[in-house]
Amino acid sequence: MLTVQFIRENNERVRAGMAKRNFKRLELLDEVLAADEQRRKIQQESDRTLAEGNRLSDEIGQLYRSGRREEADALKAQAAELREKGDQLRKQQEEARQQVTDLLLQIPNCPADQVPHGLGADDNEVFKPWTAPLPELAPGAQPHWELIKQYDIIDFELGTKITGAGFPVYKGKGAKLQRALIAFFLDEAEAAGYREIMPPHLVNADSARGTGQLPDKDDQMYYAPLDGLYLIPTAEVPVTNLYRDSILKEEEFPIKMAAYTPCFRREAGSWGAHVRGLNRLHQFDKVEIVQIQHPERSYETLLEMVAHVEGLLDKLELPYRILRLCGGDMGFSSALTFDFEVYSAAQQRWLEVSSVSNFESFQANRMQLRYRTKDKKTELAHTLNGSALALARIVAALLENNQTPEGVLIPEALRPYTRFDRIS
RNA sequence: GGAGGAAUGGCAGAGUGGUUUAAUGCGGCGGUCUUGAAAACCGCAGUGCUCGAAAGGGUACCGGGGGUUCGAAUCCCUCUUCCUCCGCCA
């Protein structure tokens with residue numbers, strides 16, 4: 144969430160940013176400023192009352208010690224009264240604080256200057272187009288949901304039997320291809336300086352709140368109510384939260400972490416004809432890269448992460464383009480997002496395979512993730528993350544784009560990992 | 001799951017009702033000394049909110065929440081986590 148201070152001091156900029164996002168509830172900005180004003184007034188009165196009470200208690204203590212019991216007893220009623228008043232003010236203060244937070248949680252991040260205007264996916268800017276000719280497949284080329292049946296490598300029916308729709312079972316070379324891609328992505332991340340992390344796949348509510356899945360998007364997560372735990376929708380949640388409630392030293396920047404995890408998404412209400420096969424799943428595998436960076440360097444870091452993802456797609460020899468998301472299509476927490484899309488020749492459409500974002504201090508503020516400056520002040524850090532990469536759609540694109548009459552060819556870079564060169 | 005013990009600053013570790021704005025040590029930062037360093041010595045050092053131009057005040061925080069009291073790190077209740085032993089188990 145944004146800080147009240149930021150909204151107060153950059154009111155024009157925040158308003159312009161909300162407009163760019165097509166965010167309608169501008170009245171929240173005034174409400175949050177008024178609520179904070181009120182909160183500070185209550186705190187001032189509360190602090191005054193508590194200070195008076197503390198002073199009186201000291202006085203009573205001193206009277207007792209010098210044996211002036213009667214004088215001390217005479218002051219007790221007054222002290223009790225102050226205590227009562229202080230208690231009430233503290234409750235009011237807590238309520239006021241909660242109200243400010245509730246309002247802040249409803250306000251999305253302020254987009255970066257370079258975010259294009261626009262209402263939705265059609266208005267995204269092609270930041271880096273695919274310039275070579277798009278691949279064309281021989282007549283009779285099939286979409287991946289046919290290929291996986293033909294080679295018996297991914298089985299939706301079995302997954303439906305043991306779990307439900309959207310939980311595929313990977314078999315034989317299908318399973319090995321998953322394992323190979325995970326290992327390849329992790330090795331590439333390590334070579335780029337990311338420390339490998341293997342986090343829990345369930346998180347508590349504090350973590351889900353820290354990265355912004357709660358309170359709004361709780362219906363997108365699987366939940367285990369008996370223990371109050373959420374299945375992670377992305378490794379971003381546990382990995383970024385490793386640094387929740389911490390104060391870093393400036394020289395610790397950048398913190399670079401990479402993690403493979405399965406990702407669980409309920410995808411409530413988003414099923415349809417265009418999400419067939421591997422295009423949208425309840426469980427899929429992903430290697431995520433996360434960085435925690437100094438505010439002054441977060442945008443160069445974002446480009447570095449974009450370049451890393453480009454390198455992966457180059458090595459996999461997949462045709463891709465990079466989009467800069469417009470204000471209307473960006474996620475709630477993001478200040479700037481680049482999406483990667485891979486072209487599927489068989490489906491003849493672009494499939495989103497990666498999203499790389501700078502959250503600036505939006506997540507860090509929720510998480511109380513800070514660093515100490517040279518003059519000993521604490522400031523919020525910046526957080527970034529990106530998929531590098533999400534497997535299911537990459538698999539779909541590999542199967543579709545590399546299909547030949549002799550089988551599906553495995554890209555050169557992946558063969559040391561698969562130890563087979565084709566699926567046939 | 002059962003029984004017992006514990007939780008204090010970056011770390012270790014005192015503190016069982018009132019100058020505790022938490023002793024002491026280690027580590028950290030600054031200084032003296034030194035060509036430089038080490039050692040020694042001196043000093044500074046938590047986090048949030050808030051008032052203030054600043055200097056500097058106020059307030060809350062000793063695992064979380066609640067209670068007793070004029071006053072709680074300290075007493076009571078409760079939850080959580082960790083340790084030891086037992087049980088179960090990949």
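Offset between the first sequence (1-based) and the working numbering: plus 143.
Ideal Cβ placement from N, Cα and C applies to all residues, glycine included.
query = Buried or exposed: residue 521, going by 16 or more other Cβ atoms within 10 Å of its Cβ?
reply = Position 378 of the first sequence holds residue 521. Under this definition residue 521 is an exposed residue.
Residue 560 and residue 270 closer than 7 Å at C-beta = Here the question's residue 560 lines up with position 417 in the first sequence. Here the question's residue 270 lines up with position 127 in the first sequence. Cβ atoms of residue 560 and residue 270: not closer than 7 Å.
query = Cα-Cα, which of 405, 318, 390 is closest to residue 374?
reply = Within the first sequence, residue 374 is the residue found at index 231, counting from 1. Nearest of 405, 318, 390 to residue 374, Cα basis: 405.
key: According to DSSP, residues forming a beta bridge with residue 350   = In the first sequence, counting from the first residue as 1, residue 350 sits at position 207. According to DSSP, residue 350 bridges with nothing at all.
Residue 389: first and last residue of the uninterrupted beta strand (DSSP E) it sits in = As a first step, residue 389 must be located in the first sequence, where it is residue number 246. Where residue 389 is concerned, the enclosing beta strand (DSSP E) stretches over 389-392.
message = Please classify residue 484 as buried or exposed, where buried requires at least 16 other C-beta atoms within 10 Å of its C-beta.
response = Your numbering for residue 484 matches position 341 in the first sequence. With 16 or more Cβ atoms within 10 Å of its Cβ, residue 484 is classed as buried.
First and last residue of the uninterrupted alpha helix (DSSP H) at residue 288 = Your numbering for residue 288 matches position 145 in the first sequence. That run of the alpha helix (DSSP H) goes 287-294.
inquiry  = Here's the rule I'm using: 16 or more other beta-carbon atoms within 10 Å means buried, otherwise exposed. How should residue 461 be labelled?
reply    = Stepping through the first sequence from its first residue, residue 461 is reached at position 318. Counting Cβ neighbours within 10 Å, residue 461 comes out buried, since at least 16 surround it.
inquiry  = Please tell me whether residue 451 and residue 309 are closer than 7 Å, where the distance is taken between their beta carbons.
reply    = Position 308 of the first sequence holds residue 451. Position 166 of the first sequence holds residue 309. Taking C-beta atoms as the reference points, residue 451 and residue 309 fail to come closer than 7 Å.
Any beta strand (DSSP E) of 3 or more consecutive residues that is wholly inside the stretch 437-524 = 463-467, 479-487, 492-501, 512-515, 521-523
task = Report the rounded CA-to-CA distance for residue 277 versus residue 540, giving the unit in angstroms.
result = One-based indexing of the first sequence puts residue 277 at position 134. One-based indexing of the first sequence puts residue 540 at position 397. Each residue's alpha carbon lies about 13 Å from the other.
Segment contact flag, the stretch 337-346 with the stretch 303-319, C-beta cutoff 8 Å, min 3 pairs = no
request  = Rank 492, 181, 538 by C-alpha distance to the C-alpha of residue 241 and give the top, closest one.
outcome  = Within the first sequence, the letter at position 98 stands for residue 241. Among 492, 181, 538, the Cα nearest to that of residue 241 is on 181.
Where residue 549 sits in the DSSP three-state scheme = Position 406 of the first sequence, counted from the start, is the residue given in the question as residue 549. Residue 549: coil per DSSP, three-state reduction.
Rounded separation between residue 526 and residue 227 - CA only = Reading the first sequence from its first residue, position 383 is the one you call residue 526. Reading the first sequence from its first residue, position 84 is the one you call residue 227. Answer to the nearest angstrom: the Cα atoms are 43 Å apart.
query = Got a sec? Which residues, its chain only, sit under 6 Å from residue 399 by beta carbon, not counting five neighbours each side?
reply = Here residue 399 refers to the residue found at position 256 of the first sequence. Taken in chain order, the residues that qualify are 336, 337, 434.
request  = On a CA-only basis, which of 534, 446, 195 is nearest residue 224? Give me that one, please.
outcome  = Against the first sequence, residue 224 aligns to sequence position 81. Nearest neighbour of residue 224 by Cα position, chosen from 534, 446, 195, turns out to be 195.
task = Inspect the beta-carbon positions of residue 232 and residue 189 and report whether they are closer than 7 Å.
result = By 1-based counting over the first sequence, the position of residue 232 is 89. By 1-based counting over the first sequence, the position of residue 189 is 46. For residue 232 and residue 189, yes; Cβs fall inside 7 Å.
Residue 294 versus residue 379 - alpha carbon distance = Residue 294 sits at position 151 when you count from the first residue of the first sequence. Residue 379 sits at position 236 when you count from the first residue of the first sequence. The alpha-carbon atoms of residue 294 and residue 379 are separated by roughly 33 Å.
key: Rounded C-alpha distance that separates residue 381 from residue 292   = What you label residue 381 is simply residue 238 of the first sequence in a count that begins at 1. What you label residue 292 is simply residue 149 of the first sequence in a count that begins at 1. Looking at the two C-alpha atoms, the distance is approximately 35 Å.
request  = Buried or exposed for residue 351, please, with buried defined as at least 16 other CB atoms from any protein chain shown within 10 angstroms of its CB.
outcome  = Within the first sequence, numbered from 1, the residue matching residue 351 stands at position 208. Per the 10 Å Cβ criterion, buried.
inquiry  = Based on DSSP bridge pairs, tell me the residues matched to residue 302.
reply    = The residue labelled residue 302 in the question sits at position 159 within the first sequence. Answer is none; residue 302 lacks a bridge partner.
request  = Report the three-state DSSP secondary structure of residue 225 (helix, strand or coil).
outcome  = Here residue 225 is taken as the residue at index 82 of the first sequence, counted from 1. In the structure shown, residue 225 sits in a helix (DSSP, three-state: H, G or I).
key: Run of the beta strand (DSSP E) containing residue 340, from where it starts to where it stops   = Mapped onto the first sequence, residue 340 falls at position 197. Residues 338-340.
key: Helix, strand or coil at residue 373 according to DSSP, with G and I counted as helix   = Residue numbering aside, residue 373 sits at position 230 when the first sequence is read from its first letter. Three-state DSSP puts residue 373 in a strand.
query = Based on the DSSP output, what are the partners of residue 428 in its beta bridges?
reply = Locating residue 428 in the first sequence gives position 285, where the first residue counts as 1. Answer is 405.
Helix, strand or coil at residue 366 [DSSP, three-state] = Working through the first sequence from its first residue, we reach residue 366 at position 223. DSSP, reduced to helix, strand and coil, places residue 366 within a strand of the structure shown.
task = For my contact list, residue 431 and residue 535 are in at a C-beta cut-off of 8 Å; report their separation, rounded to the angstrom.
result = Here residue 431 corresponds to residue number 288 of the first sequence, with the count starting at 1. Here residue 535 corresponds to residue number 392 of the first sequence, with the count starting at 1. No, residue 431 and residue 535 are not in contact; Cβ-Cβ is about 14 Å, not under 8 Å.
key: Cβ-based burial, residue 498 [other Cβ within 10 Å; buried from 16]   = Translated into the one-based positions of the first sequence, residue 498 becomes position 355. By the 10 Å Cβ count, residue 498 comes out buried.
inquiry  = Quick check on the burial criterion: 16 or more other C-beta atoms within 10 angstroms. Buried or exposed for residue 252?
reply    = For the purposes of this step, residue 252 is identified with residue 109 of the first sequence, where counting begins at 1. Note on residue 252: 16 or more other CB atoms within 10 angstroms of its CB, so buried under the neighbour-count rule.
query = What residues in its chain sit with their C-beta under 7 Å from that of residue 323, if we drop five residues either side in the sequence?
reply = By 1-based counting over the first sequence, the position of residue 323 is 180. Contacts found: 557, 560, 561.
query = Got a sec, what are the start and stop residues for the beta strand (DSSP E) residue 268 sits in?
reply = As a working note, residue 268 is residue 125 in the first sequence. Per DSSP, residue 268 belongs to the beta strand (DSSP E) from 268-271.
message = Would residue 258 and residue 474 qualify as a contact pair, given that the criterion is a beta-carbon distance under 7 Å?
response = One-based indexing of the first sequence puts residue 258 at position 115. One-based indexing of the first sequence puts residue 474 at position 331. Pairing residue 258 with residue 474 gives a Cβ-Cβ distance that is not under 7 Å.
task = From the DSSP output, in three-state form, read off residue 258 for me.
result = In the first sequence, residue 258 corresponds to position 115, counting from 1. Coil, per DSSP.
task = Please go through the same chain and pick out, in chain order, the residues whose beta-carbon is closer than 8 Å to the beta-carbon of residue 147, but skip the five residues on each side of it.
result = Translated into the one-based positions of the first sequence, residue 147 becomes position 4. Hits under 8 Å: 175, 176, 179, 243, 247.
message = Per DSSP, what are the beta-bridge partners of residue 533 in this structure?
response = Within the first sequence, residue 533 is the residue found at index 390, counting from 1. Paired residue(s): 429.
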